[in-house]
Amino acid sequence: MTSLFDPIKIGDIQLANRIVMAPLTRNRSPGAVPNTLNVTYYEQRASAGLLITEATAITHQGQGYADVPGLYTKEALDGWRQVTGAVHKAGGKIVVQMWHVGRISHTSLQPNGGKPVSASAIQAKSKTYLINEDGTGTFAETSEPRALELVEIPGILEDYRKAARAAIDAGFDGVEIHAANGYLIDQFLRSGSNVRTDQYGGPIENRARFLFEVVDAITREIGEGRTGIRISPVTPANDSSDPDAQALFTYVVEGLAKYKLSYIHIIEGATGGPRDFQQGDKPFDYKALQHAYEKAGGKAAWMTNNGYDRELAIQSVEEGKTDLVAFGKPFIANPDLVQRLKDNAPLNTPDQATFYGGGAKGYTDYPLLEQQVA
Ligand SMILES: Cc1cc2nc3c(=O)[nH]c(=O)nc-3n(C[C@H](O)[C@H](O)[C@H](O)COP(=O)(O)O)c2cc1C
């Protein structure tokens, strides 16, 4: 029987175990540049089979929150090279989550104070995180976006391609395309944020076109086996909605099955909320989604996330429901989560007040099990 603690090869990437650190935005990279504190944070967590970085903007236009890192300046890439070097030295593997926030942004974060871009000019009922002049953080309403013009889309695909190349050059083992949680790719996918009348709007095939063009741009540049993707079929995060998530995401995974990707990452339910959350009148059938993917010839590793504890993770891998489990909040508070899960040791509780922004407190100062036992 396969165990959560067994090694696995996902595409081109060999992992020591099936425990993954989920992407976690921490707003601790001023100037969009990863720094030595960020190096320490990732290095501390390198015993995970795979680390997925916090969402990382592919361009300035893709930025939506204060002090999140980027992938588009020399300084940021030099910073990331320190992170990947430290993680590799500690025996870990790390991919970067590639992010374009689309409409989940604020004019103050955009180039020349312009409007954020999206599939359509529909403002999200959502908040973003800004830093005030005095250094304190606040949540602010996202700005009204403008709809991307057709002629702009090739430029954004080129941004994804360039960022993927830059990520590999900075030492990452691969990339995760962020197609979840109501950001740009998800804004194209769902009818609640996409009312376009061109080839990127209307029927599912059109709304999914942008996603597949991004996958094409990235896989042609860095290879399919170093590319993973994250989706969140029913999450309401960032004002996401679609009345027929099952049909939409079945189409998406059937299309993804044509690529030899490293993994498909599914957020089950509402991100950070109930696992049984549903949109529309029927519960979402994740098993049917997985079967549709496999029936279409998909061979990538299946990674699941949202509210997993030790028991559910162990059981889900043993029963073959999933190949890998991504943990978010447990990794914030437990740098040595793998050892704690192995030993069935108690977990530290994450401190919500220090999730976003700040310094070492609530970031790199969570104790290891051995420090607590001693
Ligand atoms: C502080 C924080 C930051 C997050 N940042 C991201 C992110 O950058 N990208 C992403 O896809 N999800 C992000 N998420 C969602 C997590 O990856 C994960 O889906 C969620 O926490 C549920 O998993 P868990 O129950 O194991 O924590 C974030 C969650 C938290 C709590």
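Residue numbers for the sequence shown follow this note's numbering, beginning at 29 and rising by one.
Note that beta-carbon positions come from the ideal geometry of N, C-alpha and C, so glycine has one too.
Beta carbon of Ser75 nearer than 8 Å to that of Val366: Taking the sequence shown and counting its residues from 1, the one referred to as residue 75 is at position 47. Taking the sequence shown and counting its residues from 1, the one referred to as residue 366 is at position 338. Contact flag set, yes.
Between the CA atoms of Gly387 and Glu398 - distance to the nearest angstrom: Here residue 398 refers to the residue found at position 370 of the sequence shown. Here residue 387 refers to the residue found at position 359 of the sequence shown. C-alpha separation (whole angstroms): 24 Å.
As assigned by DSSP and simplified to three states, the class of Ile250: As a working note, residue 250 is residue 222 in the sequence shown. Looking at Ile250 - three-state DSSP - the assignment turns out to be helix.
Reduced DSSP secondary structure (H/G/I, E/B, other) of Ser146: Here the question's residue 146 lines up with position 118 in the sequence shown. Ser146 sits in a strand when the DSSP states are folded into three classes.
Inter-residue Cα distance where the pair is Ser221 and Asp214: For this step, residue 221 is matched to residue 193 along the sequence shown. For this step, residue 214 is matched to residue 186 along the sequence shown. C-alpha separation (whole angstroms): 9 Å.
Where Gln227 falls, given that 16 or more other Cβ within 10 Å makes a residue buried: Taking the sequence shown and counting its residues from 1, the one referred to as residue 227 is at position 199. With fewer than 16 Cβ atoms within 10 Å of its Cβ, Gln227 is classed as exposed.
Between the CA atoms of Ile122 and Thr112 - distance to the nearest angstrom: As a first step, residue 112 must be located in the sequence shown, where it is residue number 84. As a first step, residue 122 must be located in the sequence shown, where it is residue number 94. Cα to Cα, Thr112 sits roughly 7 Å from Ile122.
Candidates Asp351, Phe359, Pro395, Thr377: closest to Thr30 by CA position: The residue given as residue 30 occupies position 2 in the sequence shown. It is Asp351.
Assigned secondary structure, Phe355 (DSSP; H/G/I helix, E/B strand, else coil): The sequence position of residue 355 within the sequence shown is 327, counting from 1. Here Phe355 sits in strand by DSSP.
C-alpha distance - Ile80 paired with Pro358, whole-angstrom precision: Mapped onto the sequence shown, residue 80 falls at position 52. Mapped onto the sequence shown, residue 358 falls at position 330. Answer to the nearest angstrom: the Cα atoms are 14 Å apart.
Uninterrupted alpha helix (DSSP H) stretches inside the region 131 to 212 (no shorter than 4 residues): 181 to 197
Same chain, Cβ closer than 8 Å to Glu82, five either side skipped, listed in chain order: On the sequence shown, position 54 is the one that residue 82 refers to. Once the five neighbours on either side are set aside, the close Cβ partners of Glu82 are Pro51, Leu52, Thr53, Arg54, Val96, Pro97, Gln125.
Residue range of the alpha helix (DSSP H) that includes Leu396: Residue numbering aside, residue 396 sits at position 368 when the sequence shown is read from its first letter. Where Leu396 is concerned, there is no enclosing alpha helix (DSSP H), given that its DSSP letter is neither H nor E.
Val353 vs Val48 beta-carbon contact at 8 Å: Indexing the sequence shown from 1 puts residue 353 at position 325. Indexing the sequence shown from 1 puts residue 48 at position 20. Val48 is positioned such that its CB atom lies closer than 8 Å to that of Val353.
Whole-number beta carbon distance between Ile132 and Ala104, since they are thought to touch under 8 Å: Walking along the sequence shown from the start, residue 104 turns up at place 76. Walking along the sequence shown from the start, residue 132 turns up at place 104. A Cβ-Cβ separation of about 20 Å leaves Ala104 out of contact with Ile132 under the 8 Å criterion.
Status (buried if at least 16 other CB within 10 Å, exposed otherwise) for Asp3: For the chain, the structure presents residues 29 to 402; residue 3 sits outside this window and is missing.
Reduced DSSP secondary structure (H/G/I, E/B, other) of Gly113: Counted from its first residue, the sequence shown places residue 113 at position 85. Of the three classes helix, strand and coil, the one that applies to Gly113 here is helix, per DSSP.
Best match in Phe238, Ser344, Gln91 for proximity to Leu284 [C-alpha to C-alpha]: In the sequence shown, residue 284 corresponds to position 256, counting from 1. That would be Phe238, whose Cα lies nearest to the Cα of Leu284.
Cut-off 7 Å between Cβ atoms - residues of its own chain near Gln89, not counting five sequence neighbours on either side: The residue labelled residue 89 in the question sits at position 61 within the sequence shown. Scanning its chain for C-beta atoms nearer than 7 Å, with the 5 sequence neighbours on each side dropped, one finds around Gln89 the residues Gln138, Pro139, Val145, in chain order.
Alpha-carbon to alpha-carbon, Ala149 and Glu172: Position 144 of the sequence shown, counting from 1, holds the residue named residue 172. Position 121 of the sequence shown, counting from 1, holds the residue named residue 149. Taking the straight line from one Cα to the other gives about 7 Å.
Sequence-distant residues of its chain with Cβ nearer than 8 Å to Asp313 (five each side left out): Mapped onto the sequence shown, residue 313 falls at position 285. Hits under 8 Å: Gln274.
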